[in-house]
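According to the UniProt record's numbering, numbering within the sequence shown proceeds without interruption in unit steps and concludes at 520.
Yeah, the Cβ is synthetic: ideal placement off N, Cα and C, and Gly gets one too.
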Amino acid sequence: MSDKVKQFAPARLTADVSRLPETERRALDRLIEASRLLDPIFDRQACATNPEIRERLLADQSPEGRDRLAYFDIMRGPWDRQDHHRPFAVDRPRPPGAGFYPEDLSAAELHAWIQRHPGDKAAFESLFTRIRRDGGGLVAVPYSEAYAAWLVPAAALLREAAALTENESLRRFLRSRADAFRSDDYHASDKDWMDLDSQVEVTIGPYETYEDELLGLKASFESFVTVSDPEASRRLSRYKELLPEMERNLPIPDEVKTERGGESPIRVVDLVFSAGDARKSVQTIAFNLPNDERVRAEKGAKKVLLRNVIETKFERIMRPIAERILDPAQLDHLSSEAFFNETLFHELSHSLGPAFTTLGGERVEVRLALGASYSALEEAKADAMGAYNVLFMIQRGHFPADFREKLLVSYFAGLFRSTRFGVAEAHGKGAALQINRFLEERAARFDPGARRFTVDTAELEAAIARLVRDLCLVQHRGDSQAAAELLSRYGDLSEPMRQALGGLEGIPIDIRPIYPLAGE
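1) So L138 and L158 are supposed to be a Cβ contact under 8 Å. How far apart are they, rounded?
2) Looking at Y388: is its Cβ nearer than 8 Å to the Cβ of A465?
3) What are the start and end residues of the alpha helix (DSSP H) that includes S410?
4) So within the segment 265-295, which uninterrupted beta strand (DSSP E) runs reach at least 3 residues, ignoring any that extend past its ends?
5) Tell me which same chain residues have a C-beta within less than 6 Å of the C-beta of I32, skipping the five on either side of it?
6) Taking all protein chains shown into account, do 16 or more other C-beta atoms lie within 10 angstroms of the C-beta of I317, making it buried, or fewer, making it exposed?
7) Can you look up G205 in the DSSP assignment and give me helix, strand or coil?
8) Look at the alpha carbon of D197 and the alpha carbon of S169, and state the distance between them as a whole number of angstroms.
9) Taking the straight line between their C-alpha atoms, what separation do you get for S176 and K4?
10) Which residues does DSSP pair with P10 in a beta bridge?
11) Alpha carbons only, please: which of V269, E379, F438 and S480 is nearest the one belonging to L370?
12) Going by the CB atoms, is the gap between A98 and Q61 shorter than 8 Å?
13) Whole angstroms is fine: what's the gap from R182's alpha carbon to D43's?
14) Let me know if H350 comes out buried or exposed under the rule of 16 or more other beta-carbons within 10 Å of its beta-carbon.
15) So within the segment 165-251, which uninterrupted beta strand (DSSP E) runs reach at least 3 residues, ignoring any that extend past its ends?
16) Is R363 helix, strand or coil when you go by DSSP?
17) Using CA coordinates, which residue listed in R234, G276 and D229 is at the minimum distance from G205?
18) For my contact list, K303 and L344 are in at a C-beta cut-off of 8 Å; report their separation, rounded to the angstrom.
19) Please classify L58 as buried or exposed, where buried requires at least 16 neighbouring CB atoms within 10 angstroms.
20) Is DSSP giving T23 helix, strand or coil here?
21) Here's the rule I'm using: 16 or more other beta-carbon atoms within 10 Å means buried, otherwise exposed. How should G360 be labelled?
22) Might you give, ordered along the chain, the residues of its own chain that have their beta carbon closer than 7 Å to the beta carbon of R363, omitting 5 neighbours on each side?
23) A140 bridges to which residues according to DSSP?
24) Under a three-way DSSP split, which group does T358 fall into?
25) Relative to the C-alpha of S126, which residue among H187, S375 and A462 is closest?
26) Using 8 Å as the cut-off, can you tell me whether the segment 16-33 makes contact with the segment 284-297, which would need three or more C-beta pairs spanning the two stretches below that distance?
27) Are there three or more Cβ pairs, one per stretch, closer than 8 Å when the segment 372-391 is compared with the segment 466-477?
28) If distances are taken between C-alpha atoms only, which option among I514, R56, V17 and A27 comes closest to T312?
29) Taking the beta carbon of R417 as the centre, do at least 16 other beta carbons fall within 10 Å, making it buried, or is it exposed?
30) Please specify which runs of the alpha helix (DSSP H), each continuous and at least 4 residues long, are wholly inside the segment 453-485, giving them in chain order.
31) What is the DSSP secondary structure of D67, counted as helix, strand or coil?
32) Which residue from T165, G449, L214 and G353 puts its Cα closest to that of A108?
33) Hey, R54 and A424: beta-carbon distance below 8 Å or not?
34) Express the C-alpha separation of I511 and T49 in angstroms, rounding to a whole number.
35) Please list the terminal residues of the continuous beta strand (DSSP E) segment that includes V304.
36) So, for D402: in the same chain, excluding its five sequence neighbours on each side, which residues have a beta-carbon less than 6 Å away from its beta-carbon?
Okay, structure coming up:
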């Protein structure tokens, strides 16, 4: 347990708030308070009995017991997210539906219920309901009811922050998001969040569906409280204007391409507090929200880059990994700028490619069509498409020609950082899929003696385009079987990967954030 805890290196994350007006500082404090209330919600979403398990672990004051509690807090539950959800604090496997469904509920039983009770379909497939047994049947409980003990006071704190801030866009979002906590209708507040332009920015609510491995339907609560850098954001804004051109340039048939809303703002921010799903094991370096395809069709999606997290991870994790797994002759191409831009274009690429598909004559979101395979496939798509689009920007002259090798080498090395999150996790499985495809296509070669990889940049560039094409076509067809087969074939640790990863002792898997502005 002690060794497992040490895999997550403590890291102080903060921002310069000296230029914030007093009103915004006070609003920031309220947002941190509101965010703390999402932690008990997420704990129950990750595992319905997490509070009881933690109380039991607290009672063991031995060194081993304290380490087990620390690891439980990092993992946000009794299963090891880095090791195929292996139990370390309970004696039962993780239920695929986490805390969103009864532990014994199967996908087949849920589908059968909906088929027999079509009037329940919308509520049961909603992002914002928990499914519970009621007598001999099933019921969908709205989040506003299930988590009222925390959402009601969180909404009140958002309203307090709204009353303090002098920024109208922040005030509007906080009030509409407080309303959504009571109504479970997040559509209007998602649009208000898209329009948010403030020195203090917050992303707070139920968003990602990674925890739900039963059907990939249920959203987890999370929060990112940040301080923005308007000038850095402005410099990157030119790329959002190029999204339609990036879509047209994708290596897929025209009928597969999608036109979404064109606003798609980009924000460069420093993270000062995170909670809920945003503070489990592996810490996010950027995100692309909202996930509501109605909002994306109308307004696009906002890309948020957590600059202080990106910089910390590059120096403490990414660079040391590359120095051990890459051919030393290629290390000169390792680049923090390439890592930052691959991160940016990964997020941009979530807004490109297929969004909807047709199943049984009905137009449905790709997310719903692919079910549990969606998250890993989408992360792989965004990685590969991100690299593909940076290469396109190099062709267009937005980056110098010598940025090509930096991008390709840094992109490939960065995939190993993600596989260390564990291939039970969407980003790790998606990264493994890419590495194994590239090894199969000889875009990279492994030297078992040196335990190092050499990237063939010309082959890798061609292989990236092929992978983008294949992943987009699976999404376009809504082919859940093909998605599952791809992940089964490529989404695990191959022998070259195991050998290379075995030489990374002492390098943290990820950081364990400490937030001084939140009193930590």
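On the basis of the supplied data:
1) Taking the first residue of the sequence shown as position 1, residue 138 is located at position 138. Taking the first residue of the sequence shown as position 1, residue 158 is located at position 158. About 32 Å separates the beta carbons of L138 and L158, which is beyond the 8 Å limit, so they are not a contact pair.
2) For the purposes of this step, residue 388 is taken as residue 388 along the sequence shown, with counting starting at 1. For the purposes of this step, residue 465 is taken as residue 465 along the sequence shown, with counting starting at 1. Yes; because the gap between Cβ atoms is below 8 Å, this pair is in contact.
3) Residue mapping note: residue 410 aligns to position 410 of the sequence shown, counting from 1. Segment F403 to T419, the alpha helix (DSSP H) holding S410.
4) 266-276 and 286-289
5) Locating residue 32 in the sequence shown gives position 32, counting from the first residue. Taken in chain order, the residues that qualify are V225, F273 and A518.
6) Within the sequence shown, residue 317 is the residue found at index 317, counting from 1. The residue in question, I317, is buried, as its Cβ has 16 or more Cβ neighbours within 10 Å.
7) Indexing the sequence shown from 1 puts residue 205 at position 205. Looking at G205 - three-state DSSP - the assignment turns out to be strand.
8) Here the question's residue 197 lines up with position 197 in the sequence shown. Here the question's residue 169 lines up with position 169 in the sequence shown. Between the C-alpha atoms of D197 and S169 there is a straight-line separation of about 6 Å.
9) Your numbering for residue 176 matches position 176 in the sequence shown. Your numbering for residue 4 matches position 4 in the sequence shown. Cα to Cα, the separation comes out at about 41 Å.
10) Here residue 10 refers to the residue found at position 10 of the sequence shown. P10 pairs with R512.
11) Along the sequence shown, one-based indexing puts residue 370 at 370. When each option's Cα is compared against that of L370, the closest is S480.
12) As a first step, residue 61 must be located in the sequence shown, where it is residue number 61. As a first step, residue 98 must be located in the sequence shown, where it is residue number 98. No. Outside cutoff.
13) Taking the sequence shown and counting its residues from 1, the one referred to as residue 182 is at position 182. Taking the sequence shown and counting its residues from 1, the one referred to as residue 43 is at position 43. Cα-Cα distance, rounded: 20 Å.
14) Position 350 of the sequence shown, counted from the start, is the residue given in the question as residue 350. It is buried - the Cβ of H350 has at least 16 other Cβ atoms within 10 Å.
15) Fully enclosed beta strand (DSSP E) runs of 3 or longer: 200-206 and 221-228.
16) Start at 1 with the first residue of the sequence shown, and residue 363 comes out as number 363. Residue state, collapsed to three classes: strand.
17) Indexing the sequence shown from 1 puts residue 205 at position 205. Put simply, of R234, G276 and D229 the residue whose alpha carbon is nearest the alpha carbon of G205 is G276.
18) The residue labelled residue 303 in the question sits at position 303 within the sequence shown. The residue labelled residue 344 in the question sits at position 344 within the sequence shown. Contact holds; Cβ gap of about 7 Å.
19) To locate residue 58, count along the sequence shown from 1; it is residue 58. Flag for L58 reads exposed.
20) Reading the sequence shown from its first residue, position 23 is the one you call residue 23. Note: T23 maps to helix in three-state DSSP.
21) As a first step, residue 360 is located in the sequence shown; it is residue number 360 there, counting from the start. Answer is exposed; the Cβ neighbour count stays below 16.
22) Taking the sequence shown and counting its residues from 1, the one referred to as residue 363 is at position 363. F356.
23) Within the sequence shown, numbered from 1, the residue matching residue 140 stands at position 140. Answer by DSSP bridge pairing, in chain order: I131.
24) The residue given as residue 358 occupies position 358 in the sequence shown. Here T358 sits in strand by DSSP.
25) Residue 126 sits at position 126 when you count from the first residue of the sequence shown. Answer by Cα proximity: H187.
26) no
27) yes
28) As a first step, residue 312 must be located in the sequence shown, where it is residue number 312. Checking every option, the nearest Cα to that of T312 belongs to I514.
29) Residue 417 sits at position 417 when you count from the first residue of the sequence shown. By the neighbour-count criterion, in which 16 or more other beta carbons inside 10 Å mark a residue as buried, R417 falls on the buried side.
30) 457-477
31) The count along the sequence shown starts at 1 and reaches residue 67 at position 67. Here D67 sits in helix by DSSP.
32) Position 108 of the sequence shown holds residue 108. Comparing Cα-Cα distances from A108 to each of T165, G449, L214 and G353, the minimum goes to L214.
33) Start at 1 with the first residue of the sequence shown, and residue 54 comes out as number 54. Start at 1 with the first residue of the sequence shown, and residue 424 comes out as number 424. Not closer than 8 Å, so no.
34) Counted from its first residue, the sequence shown places residue 49 at position 49. Counted from its first residue, the sequence shown places residue 511 at position 511. If you take the alpha carbons of T49 and I511, they lie about 26 Å apart.
35) Within the sequence shown, numbered from 1, the residue matching residue 304 stands at position 304. V304 -> beta strand (DSSP E) spans K302 to L306.
36) Position 402 of the sequence shown, counting from 1, holds the residue named residue 402. Answer for D402: no residue qualifies.
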